[in-house]
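The listed protein sequences correspond, in order, to chains A and B. Mapping of the first sequence onto our numbering: position 170 corresponds to residue 878, and the numbering continues sequentially without gaps. Mapping of the second sequence onto our numbering: position 255 corresponds to residue 256, and the numbering continues sequentially without gaps. Note that CB positions come from ideal geometry on N, CA and C, so glycine has one too. Quick caveat, the model's predicted, so the values are computed rather than measured.
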Amino acid sequence: MSTVETAPQSASKEFHRLSFTGRAGEYFGIWIVNILLTIITLGIYSAWAKVRRNRYFYGNTVLLGRAFDYHAKGKQIFIGRLIVFGYLVVYNVLLAVFPIAGIVLAVVILFFFPWLIMRGLRFSARVTSYRNIRFDFVGKMGGAFVAFMAGPVIAVLSLGILMPLASRWMYRYIGNNLRYGGRPFATDPRLGYIYKTWLFSALIVILGLLVIGAVVIANLSLLMALADGTATVAPELQASLFLLGVVGYIAVFLSFGIAALFYRAGVRNIAWSATAFDGRHALRSDLPRMGYVWVAVSNVLVTIVTLGLMRPWAAVRMARYVNVHTAVRFDGDVGEIFASVAQEGSAVGAEFMDFEGFDFGF
Amino acid sequence: MPAHLVERQDRIVAVAGEGGDVLAEGAFATLDIAPRVGSIPRRIQFADGALFETTDNDAIDRLLRAQGRKRAGFVHDLERFHPRLLIFAAAVFLLSGLVYRFALPVLVEIAVAVTPPVVPKLMSAGTMETLDRSVLSKTDLDESRTAVIAEGFARIAAQSDRGAAGYTLNFRKGGLIGPNAFALPDGTLIVTDELVDLADGDTEMLVAILAHEIGHVELEHSLRQVYRAAGMAGLIMLIAGDVGDGVEDLLVQGGGLVALSYSRTAEAAADRYSVELMDKAGYDPLAIARFFEIVETKLGDTSGTTILSTHPGTPERRKAIAAYAAQLREDDTAN
Chain A
709 MSTVETAPQS
719 ASKEFHRLSF
729 TGRAGEYFGI
739 WIVNILLTII
749 TLGIYSAWAK
759 VRRNRYFYGN
769 TVLLGRAFDY
779 HAKGKQIFIG
789 RLIVFGYLVV
799 YNVLLAVFPI
809 AGIVLAVVIL
819 FFFPWLIMRG
829 LRFSARVTSY
839 RNIRFDFVGK
849 MGGAFVAFMA
859 GPVIAVLSLG
869 ILMPLASRWM
879 YRYIGNNLRY
889 GGRPFATDPR
899 LGYIYKTWLF
909 SALIVILGLL
919 VIGAVVIANL
929 SLLMALADGT
939 ATVAPELQAS
949 LFLLGVVGYI
959 AVFLSFGIAA
969 LFYRAGVRNI
979 AWSATAFDGR
989 HALRSDLPRM
999 GYVWVAVSNV
1009 LVTIVTLGLM
1019 RPWAAVRMAR
1029 YVNVHTAVRF
1039 DGDVGEIFAS
1049 VAQEGSAVGA
1059 EFMDFEGFDF
1069 GF
Chain B
2 MPAHLVERQD
12 RIVAVAGEGG
22 DVLAEGAFAT
32 LDIAPRVGSI
42 PRRIQFADGA
52 LFETTDNDAI
62 DRLLRAQGRK
72 RAGFVHDLER
82 FHPRLLIFAA
92 AVFLLSGLVY
102 RFALPVLVEI
112 AVAVTPPVVP
122 KLMSAGTMET
132 LDRSVLSKTD
142 LDESRTAVIA
152 EGFARIAAQS
162 DRGAAGYTLN
172 FRKGGLIGPN
182 AFALPDGTLI
192 VTDELVDLAD
202 GDTEMLVAIL
212 AHEIGHVELE
222 HSLRQVYRAA
232 GMAGLIMLIA
242 GDVGDGVEDL
252 LVQGGGLVAL
262 SYSRTAEAAA
272 DRYSVELMDK
282 AGYDPLAIAR
292 FFEIVETKLG
302 DTSGTTILST
312 HPGTPERRKA
322 IAAYAAQLRE
332 DDTAN
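The following block contains the structure:
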């Protein structure tokens, strides 16, 4: 039996940062072999590939000198994927044979997706451990429906204005249902803070649209003439018009993309920093938004320019960046805290493993 | 706590420090030894839940081999940083090319075959709504003008496989997209005011363009194109495992863009369809060639086909149509 000990107050008041010890060269081998075997086995190996990739990333995520661990088995994930695939086949066959069933099946899907997301989150949590103690997820289907279906829908319908509300629902659903060794995490990100970071992203989008609007207006006379069919356009001018279209598309994509990245980093900082484990150990995320956007955008560019070959480097770079900007502050002596969690909580054991693994939902 | 793993008789024993107390033990067969991945700590789980962790991966591999597990660490050996990886990378590029060339078209055909008819309907309704909200606006054409075009359209639609009921014709002001006509997979056709103006009263030519669009619908080009784009994105994500959020977004967005355009073979097929349909309806089968003439003279497109463009160069298309019409006539006389 463990007794509640009074923790020495001065023991550890500072934040302990995560680190990432993976190396791009090492990951490259894992990554390329994953791809090769996935193609050769007609996609079947992808389930096992995912396990190796996640084990590499979890196993190199280090807090206080100890790494996280990923326990899923390729077979579980494969079975999970087979079930989903089977469902889709049945769904399509039914839809083709009895078109009326479409309405009924649409309702079923409405329940199926939240269930799948909930099970996916639970699976991901249960196959994750730290110091031989597992995480767990106790969220329900209704919460998944609100967080992952209702939220995105109202965000889109309101042209992004209600996005912060949706983000809050999602983080609350995940953060308040996560368990480590049976003890709860709790989070309540303030809506006001999320709106502050959202406003910045909204400005980026508006700025991007203004730039495109200005370009269009500058070329308006030309476009009008074209639309009337009165102007004859020289081939070289046509090429420049084509270029204009491409540039416009890229500008839209970039402004939305960058705004989304800023927002993602901002919300992550707010939500993680509003999270506590077991009511007293504080989590923190302090991603510099500018730096995060730079890492993400340059990663995409480098990946594309090298035809994907530098993707392992990009993945390792991002993991390192995110990890060093994530920290935990333990209230009390770290060794005692983990000892008491280990005694009460569930250690790693097979009884928690689901037969099938739905690896979707993230 | 620091510990060592030692072998005593048939059992594997974890002892505290150097030869201290026994912390956990078990027969080799009862241990759960995680496969080696990179240089992350290796886990050895005892049946009672105790966990032994070590970074000395080589020692664990020696233990596994000594116990007769010859294939232990096979995948890891492949993954090791070694010049061999260059060959793997080359093989991946080669195989990806094969997948693109052979597997993707098969997947697309299967997907088209199993798609219930409600899917293109939903897809089209969504696209129409987006278009109406973004670029298109209400037509400015006289009703007398649209009625004439609609009448010609009904004549060719009746000759198509789906029949006149399978198609609806919409007139819209094109705005930014200018003179254009396009078809949605459920048989919704849209023709812009600008195109009608460009035709300058040549209704037959407009009908020929619509016949070309009907061709796209009958041959299920846009559904194929959507599946192609989706299949590409899906295959890349499945095969590469993690491509990163940014690249994923690019794939999805870029896929949407690609889905809006048809391939060159699809355009040529739709051209031929127009010739056939116009012929059946008693129109001039070569009417669509007049449109290409206008495009050439008014818009100055005299370029040949390039790899970059999805549309065959207009002069080339004109020639192909003439050849096809001649061939059709020959077949008719032969019968």
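query                                                                                                                                                                                  : result
Is T147 (chain B) closer than 7 Å to F172 (chain B) when the C-beta atoms are compared?                                                                                                : yes
Applying the 10 Å Cβ sphere with the 16-neighbour rule, what's the burial state of H83 (chain B)?                                                                                      : exposed
Based on Cα-Cα distance, which residue from A:F793, A:G730 and A:Y838 lies nearest to L824 (chain A)?                                                                                  : A:F793
Please state whether the Cβ-Cβ distance between V136 (chain B) and I178 (chain B) is less than 7 Å.                                                                                    : yes
Determine, for G937 (chain A), whether the minimum Cβ-Cβ distance to residues of chain B falls below 7 Å.                                                                              : With a pLDDT of 46 at G937 (chain A), under the threshold of 50, the modelled position of that residue is not reliable, and no figure is offered here.
Under the DSSP definition of a beta bridge, which residues are partnered with E26 (chain B)?                                                                                           : B:V14
For E944 (chain A), I'd like the list of residues in its chain whose CB is within less than 8 Å of its CB, leaving aside the five on either flank, ordered along the chain.            : Caution is warranted here: a pLDDT of 48 is assigned to E944 (chain A), below 50, making its placement in the model unreliable, and no coordinate value can be reported.
Mind pulling the chain B residues with CB within less than 7 Å of V1013 (chain A)?                                                                                                     : What V1013 (chain A) touches in chain B: nothing, since even the nearest Cβ is about 12 Å away.
Check for me: the beta strand (DSSP E) holding A182 (chain B) runs from which residue to which?                                                                                        : A182 to A184
Note down, in chain order, every chain A residue with its Cβ under 7 Å from the Cβ of A90 (chain B).                                                                                   : I740 and L1017
May I ask you to report which of helix, strand or coil DSSP gives N269 (chain B)?                                                                                                      : According to the sequence shown, residue 269 (chain B) is Ala rather than Asn. It is helical.
Excluding the five sequence neighbours on either side, which residues of its own chain have a C-beta within less than 8 Å of the C-beta of G127 (chain B), listed in chain order?      : none
Would F728 (chain A) count as contacting chain B if we go by Cβ distances under 7 Å?                                                                                                   : no
What number of angstroms, rounded off, separates the C-alpha of I920 (chain A) from the C-alpha of I787 (chain A)?                                                                     : 48 Å
What is the residue span of the alpha helix (DSSP H) that V1013 (chain A) lies within?                                                                                                 : R997 to V1013
Just checking: is the beta-carbon of T306 (chain B) within a distance shorter than 7 Å of some beta-carbon in chain A?                                                                 : With a pLDDT of only 41 at T306 (chain B), under 50, the local geometry of the prediction cannot be trusted, and no value is derived from it.
Do you know how far the Cα of Y228 (chain B) is from the Cα of F728 (chain A)?                                                                                                         : 39 Å
In angstroms, rounded to a whole number, what distance separates the CA positions of V149 (chain B) and A269 (chain B)?                                                                : 27 Å
Please tell me whether A290 (chain B) and R319 (chain B) are closer than 7 Å, where the distance is taken between their beta carbons.                                                  : yes
Look at the alpha carbon of S963 (chain A) and the alpha carbon of A231 (chain B), and state the distance between them as a whole number of angstroms.                                 : 24 Å
Rounded to the nearest angstrom, what separates S138 (chain B) and G883 (chain A) at their Cα positions?                                                                               : 46 Å
Checking contacts by CB at 7 Å: is S310 (chain B) closer than that to chain A?                                                                                                         : Caution applies to S310 (chain B), whose pLDDT of 43 falls short of 50 and renders its modelled position unreliable; the model cannot decide the point.
Leaving aside the five residues before and after P897 (chain A) along the sequence, list all residues of the same chain whose C-beta is less than 6 Å from its C-beta, in chain order. : R876, Y879, I978, A979 and A982
Report the partner residues of N768 (chain A) according to the DSSP bridge assignment.                                                                                                 : Per DSSP, none; premise fails for N768 (chain A).
With the cut-off set at 7 Å, would you say I88 (chain B) and T746 (chain A) are in Cβ contact?                                                                                         : no
Could you work out which residue in A:R731, A:I791 and A:W739 is closest to L1017 (chain A) when comparing CA atoms only?                                                              : A:W739
Comparing alpha-carbon positions, which option in A:L995, A:V913, A:R988 and A:G974 lies nearest A959 (chain A)?                                                                       : A:V913
Which class does L64 (chain B) belong to by DSSP, given the choice of helix, strand or coil?                                                                                           : helix
Would you tell me roughly how many angstroms separate the C-alpha atoms of G965 (chain A) and G974 (chain A), rounded to the nearest one?                                              : 14 Å
Can you tell me the Cβ-Cβ gap for V759 (chain A) and G737 (chain A), rounded? I've got them flagged as a contact below 8 Å.                                                            : At roughly 16 Å, the Cβ-Cβ gap does not stay under 8 Å, so V759 (chain A) and G737 (chain A) are not in contact.
If I follow the unbroken alpha helix (DSSP H) through N884 (chain A), where does it start and stop?                                                                                    : M871 to N885
Got a sec, what are the start and stop residues for the beta strand (DSSP E) S837 (chain A) sits in?                                                                                   : T836 to Y838
Using a Cβ-Cβ cut-off of 7 Å (strictly less than) and excluding sequence neighbours within five positions of T895 (chain A), which residues of its own chain qualify?                  : Y879, R880, G883, N884, A979, A982 and T983
What does I240 (chain B) touch in chain A if you count any residue whose Cβ is under 8 Å from its own?                                                                                 : I743, T746, I747, G751 and S754
Quick one: using the 10 Å Cβ neighbour count with 16 as the cut-off for buried, is D936 (chain A) buried or exposed?                                                                   : Here D936 (chain A) scores only 49 on pLDDT, less than 50, and its place in the model is too uncertain to base an answer on.
With DSSP as the reference, identify every bridge partner of Y888 (chain A), one or two as the case may be.                                                                            : A:F843 and A:R891
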